[in-house]
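Trainee: Chains as they are written, first to last, in my numbering: chain A, 10 to 126; chain B, 118 to 228.
Below is a structure I'd like to ask you about.
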Amino acid sequence: GAVVSQHPSRVICKSGTSVKIECRSLDFQATTMFWYRQFPKQSLMLMATSNEGSKATYEQGVEKDKFLINHASLTLSTLTVTSAHPEDSSFYICSAGGQRMITDTQYFGPGTRLTVL
Amino acid sequence: KQEVTQIPAALSVPEGENLVLNCSFTDSAIYNLQWFRQDPGKGLTSLLLIQSSQREQTSGRLNASLDKSSGRSTLYIAASQPGDSATYLCAAQTGANNLFFGTGTRLTVIP
């Protein structure tokens, strides 16, 4: 199956700093990438959908100025958490989809554990 | 809005037992239903994807069924092994982008 990587796998930062997380599709071109957040013992919640070359679409309740998403190429999307606060501590997972979104599964990255002190 | 529920939240079984995990969804207008496995602190591994026109999918010891009209799916695991211990998530896809996840069932298989 297709491989999606995320970097870093784990990051600890001080409150007020910004953190960038990268999501890469290693062996296929992903026209669409998704960013999810997962709090402890909860399920994944979609934060935003990013399409290559266009602005991301954010889910209701997700601040677009706080969670900056860039999808500059067909293999790379980045999520920047700006001015991070302890409540932003979570597990962030990206996924990538191919051309046939309705029939294709999304391929998930291994996740990034963000801890804000 | 689609709501996905998984029962039970946690399950412990002795090795070798067959087991069933349940998933229900409120909006039957789905494109597909997927089952994923998540190990602690890790990402998701896709196990089975059932298209809306299908009734079931099988992969090895795993069998997933889908009853769209009743909004239910089950994941059957045969002859469970300790390596099957993980959290199992189901997700209903509606539209081109939206995967709605359940809260998962945490499975522990006791050697």
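Glycine included, each C-beta is placed from N, C-alpha and C at the ideal position.
The structure displayed is predicted, hence computed values, not measured ones.
#1: Decide yes or no for the touch test of the region 125 to 137 of chain B against the region 73 to 91 of chain A: beta carbon pairs closer than 8 Å, at least 3 of them.
#2: Please list, in chain order, all residues of the same chain as residue 95 of chain A whose beta carbon is under 8 Å from its beta carbon, the five residues on each side excluded.
#3: Please report whether the beta-carbon of residue 142 of chain B lies at a distance below 8 Å from any beta-carbon of chain A.
#4: For residue 144 of chain B, count the other beta carbons within 10 Å of its own beta carbon; 16 or more makes it buried, fewer makes it exposed. Which is it?
#5: Give me the Cα-Cα distance between residue 110 of chain A and residue 163 of chain B, rounded to the nearest whole angstrom.
#6: For residue 106 of chain A, does the three-state DSSP call read helix, strand or coil?
#7: Look at the Cβ atom of residue 47 of chain A, then the Cβ atom of residue 102 of chain A, and state whether they are nearer than 8 Å.
#8: Could you list which residues in chain B have their beta carbon closer than 7 Å to that of residue 119 of chain A, in chain order?
#9: Under 6 Å Cβ to Cβ from residue 100 of chain A, same chain only, skipping five residues before and after it: list those, please.
#10: Grab me the residues of residue 203 of chain B's own chain with a C-beta within less than 7 Å of its C-beta, minus the 5 sequence neighbours each way, in chain order.
#11: Quick check: residue 121 of chain B and residue 209 of chain B, are their CB atoms within less than 8 Å of each other?
#12: According to DSSP, is residue 124 of chain B part of a helix, a strand, or is it coil?
#13: What are the start and end residues of the beta strand (DSSP E) that includes residue 205 of chain B?
#14: Rounding to the nearest angstrom, what Cα-Cα distance links residue 192 of chain B and residue 170 of chain B in this structure?
#15: Step through the CB atoms of chain A and report whether any lies within less than 8 Å of the CB of residue 221 of chain B.
#16: For residue 183 of chain B, count neighbouring Cβ atoms within 10 angstroms of its own Cβ and tell me buried if that reaches 16, exposed if not.
#17: Quick check: the Cα distance between residue 17 of chain A and residue 35 of chain A, rounded to an integer number of angstroms?
#18: With C-beta atoms as the reference, is residue 126 of chain B less than 8 Å away from residue 152 of chain B?
#19: Mind listing the chain A neighbours of residue 119 of chain B? Cutoff is C-beta to C-beta under 8 Å, in chain order.
#20: Looking at C-alpha atoms only, which residue of B/197, B/216, B/217, B/212 is the closest neighbour of residue 129 of chain B?
Mentor: Reading it off the structure:
#1: Touching, no, given that fewer than three Cβ pairs across the two stretches are closer than 8 Å.
#2: Here residue 95 of chain A has 24, 125, 126 as same chain residues with Cβ atoms under 8 Å from its own Cβ, once five neighbours each way along the sequence are excluded.
#3: No, residue 142 of chain B lies away from the interface with chain A (no Cβ there is under 8 Å from its Cβ).
#4: The residue is exposed, with fewer than 16 neighbouring Cβ atoms inside 10 Å.
#5: Only weak support is given to the placement of residue 110 of chain A: the predicted model assigns it a pLDDT of 49, under 50, and the value that follows is read from those uncertain coordinates. Whole-angstrom Cα-Cα distance: 15 Å.
#6: The answer is strand: DSSP assigns residue 106 of chain A an E or B state.
#7: Yes, the pair counts as a contact, with Cβ atoms nearer than the cut-off.
#8: Neighbours of residue 119 of chain A on chain B, chain order: 159, 160.
#9: Cβ neighbours of residue 100 of chain A beyond the five flanking positions: 47, 120, 122.
#10: Cβ within range, chain order: 154, 155, 156, 224.
#11: It is a contact, given that the beta carbons lie within the stated cut-off.
#12: It is a strand residue.
#13: Boundaries of the beta strand (DSSP E) harbouring residue 205 of chain B: 203 to 211, taken from the DSSP string.
#14: Their backbone Cα atoms lie some 17 Å apart in a straight line.
#15: Judged by the 8 Å Cβ criterion, residue 221 of chain B is in contact with chain A.
#16: It is buried - the Cβ of residue 183 of chain B has at least 16 other Cβ atoms within 10 Å.
#17: Residue 17 of chain A and residue 35 of chain A have their C-alpha atoms roughly 15 Å apart.
#18: Contact annotation: residue 126 of chain B and residue 152 of chain B have beta-carbon atoms that are not nearer than 8 Å.
#19: Per Cβ cutoff of 8 Å: no residues; residue 119 of chain B is ~11 Å from chain A at best.
#20: When each option's Cα is compared against that of residue 129 of chain B, the closest is B/197.
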